[in-house]
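Number of protein chains: 2
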Amino acid sequence: MSTLFKNEVKAYLPGFSIDCVIFGFEDGHIKVLLNKFHCIDQWMLPGGFVYVDEDVDQAAKRALKVRTGLADIFLNQFYLFGNCDRSDGEINKKILEVYEQKNQDWFLERFVTTAYFALVNISKVKLEKNAIEDTMWVDLKSLPQLHMDHNSIIMKAIESIRLLINLLPIGKELLHEKFTLPELRMLYEAILDKDLDRRNFQRRILALGYIDKLPEKRLGGAHKAPDLYSFNKEKYQENLKNGMNLIW
Amino acid sequence: MSTLFKNEVKAYLPGFSIDCVIFGFEDGHIKVLLNKFHCIDQWMLPGGFVYVDEDVDQAAKRALKVRTGLADIFLNQFYLFGNCDRSDGEINKKILEVYEQKNQDWFLERFVTTAYFALVNISKVKLEKNAIEDTMWVDLKSLPQLHMDHNSIIMKAIESIRLLINLLPIGKELLHEKFTLPELRMLYEAILDKDLDRRNFQRRILALGYIDKLPEKRLGGAHKAPDLYSFNKEKYQENLKNGMNLIW
């Protein structure tokens, strides 16, 4: 259980955890990465604890690296969940028993958790195998009942992304380097959970000025080969810095 | 020191605090409410600790009520500050000594803090006098060097507000019930820290549809009496719910 607990009792900030909502996009669907300890029957968000000598943001990066193999992920802290009835001491007690951890009373107390969302290209993620947990991608629209308040955390994460959609590099992180406009529109439709008009979408997204048309087309489909596009990273960063949709 | 400490050692979540950046608007300037313990020489953000049986959001409301006398404040959680070097054990030790608090070792350890920003009408705030701290409004542009990382927390708060400016009820919370368009523009200019074109501002803000022109004028000035406006609360709420500036 070395990835969950250090051996010393006081190795972690007590009563404090981080949880990561890792979003990917595949076959037109938004997916979320979940994990599950072998000893309990509920899926949960990949999370972790914070070392006493570690920045909280660093702990989030560490938890992501362990689960995805990726070091350079787009990660955004979005909310601290701190209701006093959110912990589940019974399940945590079982985890301690199964893994024969003693003197870890802090693990049974109330927890507050700081949640992050991450945007990743699914094809780049290598799900790391380990002895204590399983991991899997699940469609956002068919999540099971998760551990504690983790369903609510995911819902709050997708709401945050919807509100910030023009301020986030969602296309750049979630798509392949080269993409068609219909692929980009499908991503926006999946996140916003509504259909978008094809022409209006094309006009608005190109007006933002950070998508370059490439001198090549997507070949091999049944239809006319569509144009390929890519993100202009410099222009994208510049827009992000200035607040992409500030009209004032 | 009853507002700071409960008597029991285990009354609070250890290593965890909340801090509130309370913004007001007066004479064309954005102001921030600060407080200072009599025994230490640094101003700080009004903050507090979280009871073991209290929701974190509730603790923030409690800290605000103590300082402002207001129960119904617009409050938005915006970031957890969790760098491992952000605490100042020396100053906290002094506070414990001056107020003769023993067995409160948790107060000397590393703290993470969840920060909220609040928007208030300054004229409604009653600064509560008490035996252990002073409070005052300070212009955002002339803040002193504050306790720990509190200057950074304020900067992050104003940046969050700038990014979310179209999603927040800033005018409704910070202005009086009736206002002129120049007053509203001055508020936007103060928050964004830049001049805005008078005509463009007027066109854009009215196009949002939630500001009603009243059948009265502001009297008593040297110039032609300007029209008065107020927020249409129902339309305002509806726009907030739908994400005020979502173009997709």
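Residue numbers (our numbering), protein chains in the order written: chain A, 1 to 248; chain B, 1001 to 1248.
Using N, Cα and C, we set each Cβ at its ideal position, and we do this for glycine too.
Of all the options B:K1129, B:L1192, B:E1234 and B:I1211, which has the alpha carbon lying nearest to the alpha carbon of G1069 (chain B)?
B:K1129
If you check the beta carbons only, do E1054 (chain B) and R1062 (chain B) fall under 9 Å apart?
yes
L167 (chain A) beta carbon less than 9 Å from that of L1192 (chain B)
no
The beta strand (DSSP E) with L1252 (chain B) in it runs from where to where?
No statement about residue 1252 (chain B) is possible, as the shown extent of chain B runs from 1001 to 1248 and does not include it.
Assuming contact is defined by CB atoms lying nearer than 9 Å, are L45 (chain A) and C20 (chain A) in contact in what I supplied?
yes
Give me the Cα-Cα distance between G171 (chain A) and L187 (chain A), rounded to the nearest whole angstrom.
7 Å
Keeping to the same chain, check which residues put their C-beta closer than 8 Å to that of A59 (chain A); ignore five residues upstream and five downstream.
I18, G48, F49, V50 and Y51
Interface flag, C1039 (chain B) vs chain A, CB-CB below 9 Å:
no
I need the straight-line Cα distance from M136 (chain A) to I158 (chain A), nearest angstrom please.
19 Å
Identify, in the order they occur along the chain, each residue of the same chain with its Cβ nearer than 7 Å to the Cβ of D1195 (chain B), setting aside the five sequence neighbours on each side.
E1189
By the 9 Å beta-carbon criterion, what residues does the region 1053 to 1076 of chain B contribute toward chain A?
D1053, E1054, D1055, V1056, D1057, Q1058 and A1059
Starting from G1047 (chain B), follow its DSSP beta bridges and name the residues at the other end.
B:D1019
What does DSSP give as the partner residues of V295 (chain A) in its beta bridges?
Absent from the model: residue 295 (chain A). The displayed extent of chain A is 1 to 248, so no value can be given.
Hey, S160 (chain A) and F81 (chain A): beta-carbon distance below 9 Å or not?
no
9 Å Cβ cutoff, R199 (chain A) in contact with chain B
no
Given a cut-off of 9 Å, decide if D1149 (chain B) and I1030 (chain B) are closer than it, judged by their beta-carbon atoms.
no
Interfacial residues, the region 1112 to 1127 of chain B to chain A, with Cβ spacing under 9 Å
V1112 and T1114
Three-state secondary structure (DSSP) of Y210 (chain A):
coil
For F16 (chain A), which residues in chain B fall below 8 Å Cβ to Cβ?
G1015, F1016 and V1112
Quick check on A1118 (chain B): does DSSP put it in helix, strand or coil?
strand
Measuring CA to CA, which of B:D1105, B:Q1042, B:H1176 and B:A1131 is closest to E1026 (chain B)?
B:H1176
Return the bridge partner residues of M136 (chain A) from the DSSP annotation.
A:L34
Alpha-carbon spacing of T3 (chain A) relative to N232 (chain A), whole angstroms
Low confidence applies here, because T3 (chain A) scores a pLDDT of 46, under 50, leaving its location unreliable and the question unanswered by this model.
Mind listing the chain A neighbours of L1080 (chain B)? Cutoff is C-beta to C-beta under 7 Å, in chain order.
V56, Q77, L80 and T114
Can you list the residues of chain A that N1083 (chain B) reaches, using a CB-CB cut of under 7 Å?
D55
Helix, strand or coil: which one does DSSP assign to Q1077 (chain B)?
strand
According to DSSP, simplified to helix, strand and coil, what is H1150 (chain B)?
helix
Reference L1146 (chain B), options B:L1013, B:D1041 and B:Y1012, closest by Cα
B:D1041
Give the secondary structure of T1003 (chain B) by DSSP, where H, G and I count as helix, E and B as strand, and everything else as coil.
Unreliable positioning characterises T1003 (chain B) in this predicted model, as indicated by a pLDDT of 46, which lies under 50. The coordinate reading is nonetheless provided below. Three-state DSSP puts T1003 (chain B) in coil, outside helix and strand.
Quick one: does V50 (chain A) have its CB under 9 Å from some CB of chain B?
yes
Along the chain, where does the beta strand (DSSP E) containing D227 (chain A) start, and where does it finish?
D227 to F231
Exposed or buried, which one is E1133 (chain B) when buried takes at least 16 other CB atoms within 10 Å?
buried
Output the boundary residues of the alpha helix (DSSP H) element that contains Q1042 (chain B).
Per DSSP, Q1042 (chain B) belongs to no alpha helix (DSSP H) and is neither H nor E.
Whose C-beta lies closer than 6 Å to the C-beta of T180 (chain A) among residues of the same chain, with five residues either side of it excluded?
R218 and P226
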